[in-house]
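Written out as structure tokens, the structure reads:
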């Protein structure tokens, strides 16, 4: 019986990987992953054997990983961020079950984009927040809007994953409009692109201006709650609503 | 000008720390933190100089860290989990501003409890989720209930931080009752205590049974959405609402 370890290696660089992730990658006989992720790992672990599949072939990649784990002792399946947050952990478990594969499975958590982006922006996630993906590939659009609306209604900080793609140019604008029913157009918003990678960039804007900003699928958008403010270029959500600690 | 690095070292063990966190701790002249966190680090980095303060003295601890950073080149302020999620990152920035301290500040993200717990339970966070703390020390209780209600209404997975303390025995029961307005009493719930530490334990239950379960402030509670299910002892939320990937 082999072991399949589903590893989230965080933003992309060696520095933000956990020791557990590094060890699991080093011990694996074969490292399986989406081409882009594998390309991030090659320079860090040049001695490993890799098997890469293109995007949109998630099920195929999981089947490949499960089959390899049936034949080998240690297989790693990698993704950036946390493989347990919008990641492959769930699909691979379902695929293994369907195939009745006799393998052991482990999930190694990683730094998710919300954490990586928050650290770059300052301290925006000091209070309750919602993580919502704007991809409607597998979620009905009306449910996405309802979630945005509910997060707005209850004044939660909102982390938007997959804010924009070629097919979804206007979604982030709609999300901002929904949130502006409940919070000011001046609400601070932080955008981080390629968090933690060499090409990392970030900027601060406001909810009202968000629709005019440059965004793509490599961005994560953090929208403050009603108490979030900017101090010396840092986005901060105070910990207490009554600020008892001052 | 000294540098103050606010470090989240994840669940507690060396294995789940990022390389960046390890390096920042190793480079620091003095490591400042809450006594419990410092005690977790001492066996891992026995050669370091530590300064520990008891709980509830957050502002004092931040003032101490800022003052040390004014006098030294590299100071680390540590906490478990992610210092950027319900952590000290925000307070320390506000304290530094108030003191007009001429120091550089960096945040090093860590694995937050939701990520650590999800990896142990299976793959519960494959879809949109809300992270909500049940501590009403600095949040009006009615706002907490509104957030739970909104997360329920929009079928988000819910991660409860600080689910129970001596003073807050019934809050988790109220939260479960609110969520049961929208999702079944059979909804899978995973509880992880001391995620990632030696004394780690976890169990699965349901939303209806949650009120009868053993919980304390060291637990994190993950409540599934309407599609979450249990498969071979693992808690899984399918990635797509229409399960297009099957």
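Protein chains in written order, with the working numbering: chain A, 793 to 1038; chain B, 793 to 1038.
Glycine included, each C-beta is placed from N, C-alpha and C at the ideal position.
### Task
Name, please, each residue of chain B whose Cβ falls closer than 8 Å to the Cβ of residue 1031/A.
Those are 878, 882, 883, 930, listed as they occur along chain B.
### Query
If we count Cβ pairs, one from each stretch, closer than 8 Å, do we get three or more for the region 1020-1034 of chain B versus the region 871-889 of chain A?
Yes: the two stretches touch, three or more of their Cβ pairs being nearer than 8 Å.
### Any chain A beta carbon closer than 8 Å to residue 921/B
Residue-level contact by beta carbon holds for residue 921/B and chain A, with a gap shorter than 8 Å.
### Message
Please report the straight-line C-alpha distance between residue 1027/B and residue 913/B, rounded to a whole angstrom.
### Response
Computed Cα separation, rounded: 6 Å.
### Task
Run down chain B in chain order and give the residues with a C-beta less than 9 Å from the C-beta of residue 1017/A.
Taking the beta carbon of residue 1017/A as reference, no residue of chain B falls within 9 Å; the closest one sits roughly 10 Å away.
### Listed by chain order, chain A residues near residue 914/B by CB distance under 7 Å
Here the neighbours are 885.
### Task
Please confirm if residue 847/B has its CB atom under 8 Å from at least one CB of chain A.
Answer no: the Cβ-Cβ gap between residue 847/B and chain A never drops below 8 Å.
### Task
Specify, as a first and last residue, the run of the beta strand (DSSP E) that residue 998/A falls within.
Taken as a continuous stretch (DSSP letters only), the beta strand (DSSP E) holding residue 998/A covers 993-998.
#### Entry: Beta-carbon neighbours of residue 948/B, restricted to chain E and to distances below 7 Å
Given the protein chain composition of this structure (A and B), no chain E is represented.
### Cβ-heavy atom distance, residue 940/B to the ligand ADP, below 7 Å
You won't find the ligand ADP in this model; it holds no ligand whatsoever.
### Task
Can you give me the Cβ contacts of residue 847/A inside the same chain, cut-off strictly under 8 Å, excluding the 5 residues immediately before and after it?
So the list reads 826, 827, 828, once near-sequence residues are dropped.
### chain B contact for residue 812/A (CB, 8 Å cutoff)
True, the Cβ-Cβ gap to chain B drops below 8 Å.
### Message
I'd like the ranges of any alpha helix (DSSP H) spanning at least 4 consecutive residues and lying wholly in the region 1011-1035 of chain B.
### Response
When DSSP assignments are scanned along the region 1011-1035 of chain B, no uninterrupted stretch of alpha helix (DSSP H) that is 4 or more residues long falls wholly within it.
### Nearest-angstrom Cα separation, counted from residue 882/B out to residue 868/B
Going by the C-alpha atoms only, they are around 15 Å apart.
### Task
Would you verify that the beta carbon of residue 911/B is, or is not, closer than 8 Å to some beta carbon of chain A?
Yes, contact with chain A.
### Query
If we count the other Cβ atoms within 10 Å of its Cβ and call it buried at 16 or more, is residue 797/A buried or exposed?
In the assembly as shown, residue 797/A is a buried residue. Its beta-carbon has 16 or more other beta-carbons within 10 Å.
#### Entry: Under 8 Å by beta carbon: chain B residues contacting residue 807/A
Going along chain B in sequence order, the residues near residue 807/A (Cβ under 8 Å) are 810, 811, 812, 815.
### Task
Measure the Cβ-Cβ separation of residue 998/B and residue 1017/B and say whether it is below 8 Å.
Against a cut-off of 8 Å, the Cβ pair of residue 1017/B and residue 998/B comes out as no contact.
### Task
Report all residues from its chain with a CB closer than 8 Å to the CB of residue 971/B; omit the five preceding and five following residues, and keep chain order.
Same-chain partners within the cutoff: 940, 943, 944, 950, 979, 999, 1015.
### Secondary structure of residue 816/A, DSSP reduced to three states
It is helical.
### Query
Under the three-state reduction of DSSP, which class applies to residue 1038/A: helix, strand or coil?
With a pLDDT of only 44 at residue 1038/A, under the threshold of 50, the placement of this residue in the model should not be trusted; the figure read from the coordinates follows. Reduced to three states, the DSSP call for residue 1038/A is coil.
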